[in-house]
Amino acid sequence: MKTPPSYPGYAEASPIQWQRWKKGLMAGCSIMAIITFFLWPEQKSMKTLVFGFWVLGFPVGIWLTLLAIRFFFYQLNAYGHDRYKDVVDQHLERWWENRSLSLPVKKAVMIGSLGDKQDTWANLLVSPPTAPLPKSDKWQGETLACPLLLGTGNTRTVALARLLAHQVLAMEELKTKDMPRFDAVAWYGNEESQTAFLTILRQENIQFSGKIIPLADVRDIDGLIDLFYQQSPQMRRMLCAGVACHESISEGELAGEAGFAWLVDKESQVGIYRPEMFMPEKEDPKILTQQLMRYASLSDIPSVCLAIDPDSMAAILPGGWSAVEHQLAPYFGELGPSAPFIAITQSVLHSIEHQQSCGWMASYSERNIEQKNFVTGVVAHYGKT
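Here the sequence shown is numbered in this note's numbering, starting from 172 and rising by one per residue.
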């Protein structure tokens, strides 16, 4: 989890101790009076201005000078403290502003074990259908496969990418008089599936500018958000998509198969806020959820929370976000590093359809690494708290 930067404290000057200064003045006057009395010539009268100056005026003058110096340094320190605090507050404010940026999504598409009907996916959390039965595969074992695809292995990945491309083309937002154009494309998946996806879009005169941005895992969303705002206002529309078929899984886990696409547009009403990785053994889930809510300017927990797997919900539940009613493992299975993208997509579909904020949780294991990564985030409507 990325936390706000910490800065060393500024040494504050102790306040002026007036009682000590009063005692110092009295002591100084007394000492000066004694010294003057013993050194004053006997023949001279003590009832003179000179005698009064040395007994009272001189020590008071020294006292006022020292007090002025002390007050000057006190004010100088106070000014430095205030300036330092202002600079720190500005840096923290910029940090929060940066972490609160989001990817504005106008439309999302999901393909998986329930097929490609977007109404079904958009209402999955409200009226969940019966979970599909696993498909037996002699190469991969039991899987939650997309029922619209045939074939095995990489052929299914390519077929899923083609199906996803057709779903993207069906978006009403792309059916305009002007030639649809994307300023950037981000892709999760292998090169074969990427080529199949882009080929179909190009055949329908969808234009792309710039290079294809590869997505390795959910941490790359930070880079997408930064890119979108750094190249603003030139960048107005971005396409983020990807497919995952039968990811490498542990024995006894149910493999999944899914595809997703986000139409990122400046005129969107829903934002994908920066996700945060979470280490339960080192970090506090309450701080995590409060930080995510601050990103999205939410005054309370999200209206709905979903978990792509039970482990992620168990890790984040102490933070106050519960997805007990929205456990989606029976619909997606194990998707590896693509699981957070699918959780985000499901949250976007729900938020667009029902105008609610949606928190999401996911976990995944990287190849050859047994330890799971926990990640969570929030999707919310702009301006709604």
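Every residue gets a Cβ at the ideal spot worked out from N, C-alpha and C, and that includes glycine.
For the segment 437 to 449 against the segment 457 to 465, do three or more pairs of beta-carbon atoms, one drawn from each stretch, fall closer than 8 Å, so that the two count as touching? yes
Contact belief for leucine 168 with glycine 427 at Cβ below 8 Å, rounded distance in angstroms: For the chain, the structure presents residues 172 to 556; residue 168 sits outside this window and is missing.
Using the three-state DSSP reduction, which class does aspartate 471 fall into: helix, strand or coil? coil
Where methionine 406 sits in the DSSP three-state scheme: coil
Residue from Ser307, Pro351, Ser364, Leu340 whose Cα sits closest to the Cα of threonine 328: Ser364
Going by C-alpha to C-alpha distance, which of Phe208, Gly180, Gln289, Leu488 sits closest to valine 519? Gln289
Quick one: any contact between the segment 183 to 193 and the segment 242 to 257, if contact means 3 or more CB pairs under 8 Å? yes
Considering only the alpha carbon of each residue, which of Leu434, Met197, Val475, Gly322 lies closest to glycine 232? Met197
Pair within 7 Å by beta-carbon distance, isoleucine 282 and glycine 430: yes
Alpha carbon to alpha carbon, what distance is there between isoleucine 371 and threonine 326? 16 Å
Consult DSSP for arginine 445 and reduce its assignment to one of helix, strand or coil. coil
Between the C-alpha atoms of leucine 340 and proline 351, what's the straight-line distance to the nearest angstrom? 10 Å
For methionine 203, which residues from the same chain have a beta carbon less than 7 Å from its beta carbon, with the 5 sequence-adjacent residues on both sides left out? Trp225, Val226, Phe229, Pro230
Closest residue to cysteine 416 among Val550, Pro179, Gly322, Trp492 (Cα-Cα distance): Gly322
From the DSSP output, in three-state form, read off asparagine 269 for me. helix
Roughly how many whole angstroms lie between the Cα atoms of threonine 236 and aspartate 260? 36 Å
For alanine 551, count neighbouring Cβ atoms within 10 angstroms of its own Cβ and tell me buried if that reaches 16, exposed if not. buried
For lysine 437, which residues in the same chain have their Cβ closer than 7 Å to its Cβ, ignoring the five residues on either side in sequence? Pro275, Arg407
Since serine 364 sits in a beta bridge, which residues does DSSP pair it with? None; serine 364 has no bridge partner.
Which residues does DSSP list as the beta-bridge partners of lysine 278? Leu434
Closest by CA to threonine 547, which one among Gly490, Phe244, Pro212, Ser380? Gly490
By DSSP, does alanine 510 sit in helix, in strand, or in coil? helix
To the nearest angstrom, report how far apart alanine 336 and tryptophan 433 are at their CA atoms. 12 Å
Please tell me whether alanine 357 and isoleucine 384 are closer than 7 Å, where the distance is taken between their beta carbons. yes
Tell me which residue opens and which closes the beta strand (DSSP E) that proline 385 is part of. 383 to 385
What do you get for histidine 262, buried or exposed, if any count of 16 or more other CB atoms within 10 angstroms of its CB means buried? exposed
When the distance is taken between beta carbons, is alanine 367 closer than 7 Å to alanine 332? yes
Burial state of arginine 265 (16 or more Cβ within 10 Å): exposed
Just list the residues that DSSP pairs glutamine 498 with in beta bridges. Ala478
Element boundaries [alpha helix (DSSP H), containing methionine 464]: 456 to 466
Could you have a look at glutamine 526 and say whether DSSP puts it in helix, strand or coil? coil
Buried or exposed: asparagine 544, going by 16 or more other Cβ atoms within 10 Å of its Cβ? buried
CA-to-CA distance, glutamate 454 to glutamine 374, given in whole angstroms: 49 Å
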